[in-house]
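**Q**
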Amino acid sequence: MAIHDMLLPEFDQEMASTRKMLSAVPEDHLLFQPHAKSWKLNRLAGHIAELPGWITHTMKVELLELSPSDYHPFEPASRAELLDKFDRNVSDARAALATATDEQFNVLWTMKWDGNVVMSQPRIGVIRSVVLNHLIHHRAQLGMYLRLANQTVPGMYGPSADENPFTTSKEKAA
């Protein structure tokens, strides 16, 4: 079985779950920041929306060279802007994955930051760890932001406390 045939079902599931979480971002809390060291909610959500685009870029180049002045994070001003960016990135990433060969997935990809090698690994490793696992990590953070801002948190791999049909009224109110 080709790598993309194994990867695409997981990609589709994780992107659907991620869209569900991003759809829960409240427009009146975009600047919510749970701690001084934390990003604001719109920056975290914007980062999540950008991550699928990293797949497209990873499949196009073998070397990514960045410097601090190159990075300009996406900070959406609305839920619509956030979802539009995410949907475009998911569509492009899915197309890149669906057409990639096993040989392309195994090409060594390198990232440099400010002239220093940060990582060098086959593209499939970058997609699995630096994109998908990274996205899932930040999606969980976003769930905590929503909880801390007293917002409804959607379930990802089953119902959340807000969706659980077995939760008592008292527990839901807490």
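Just so you know, we're using my numbering here: the sequence shown kicks off at -7 and counts up by one.
Note that CB positions come from ideal geometry on N, CA and C, so glycine has one too.
Because the structure is a prediction, the values reported are computed rather than measured.
In terms of residues, what are the limits of the alpha helix (DSSP H) holding Glu44?
**A** Rather than Glu, the amino acid found at residue 44 in this sequence is Pro. Leu33 to Lys52 is the span of the alpha helix (DSSP H), which, as asked, contains Pro44.
**Q** Going straight from the alpha carbon of Phe158 to that of Gly147, what length do you get?
**A** Computed Cα separation, rounded: 14 Å.
**Q** Apart from the five residues on each side of it in sequence, which residues of its chain come closer than 8 Å, Cβ to Cβ, to Arg131?
**A** So the list reads Ser9, Thr10, Met13, Ile40 and Met148, once near-sequence residues are dropped.
**Q** Run the CB neighbour count on Thr50, radius 10 Å, all protein chains shown included, and call it buried at 16 or more, exposed below.
**A** Classification for Thr50: buried.
**Q** By the 10 Å Cβ neighbour count, where 16 or more other Cβ atoms means buried, how is Leu33 classified, buried or exposed?
**A** Answer is buried; the Cβ neighbour count reaches 16.
**Q** Just the C-alpha distance for Ser152 and Val145, rounded to the nearest angstrom, thanks.
**A** When rounded, the distance between both Cα atoms is 7 Å.
**Q** Can the beta-carbon of Ala37 be found closer than 7 Å to that of Leu75?
**A** No, the pair does not count as a contact, with Cβ atoms beyond the cut-off.
**Q** With DSSP run on the structure shown, which of helix, strand or coil describes Val123?
**A** In the structure shown, Val123 sits in a helix (DSSP, three-state: H, G or I).
**Q** Can you tell me whether Thr102 is helix, strand or coil according to DSSP?
**A** Strand at Thr102.
**Q** Considering only their Cβ atoms, is the gap separating Leu56 from Leu127 smaller than 7 Å?
**A** Result no, Cβ atoms of Leu127 and Leu56 do not sit closer than 7 Å.
**Q** Using 10 angstroms around the beta-carbon of His129, count the other beta-carbons present and answer buried if the total reaches 16, otherwise exposed.
**A** So His129 ends up on the exposed side.
**Q** Measuring CB to CB, does Ile47 end up less than 7 Å from Ala85?
**A** Closer than 7 Å, so yes.
**Q** Which residue from His(-4), Leu0 and Asp106 puts its Cα closest to that of His60?
**A** Before going on, a small fix: residue 60 reads as Pro here, not His. Here the closest residue by C-alpha is Asp106.
**Q** Which residue's Cα is closest to the Cα of Asp4: Leu58, Leu23 and Ala90?
**A** Here the closest residue by C-alpha is Ala90.
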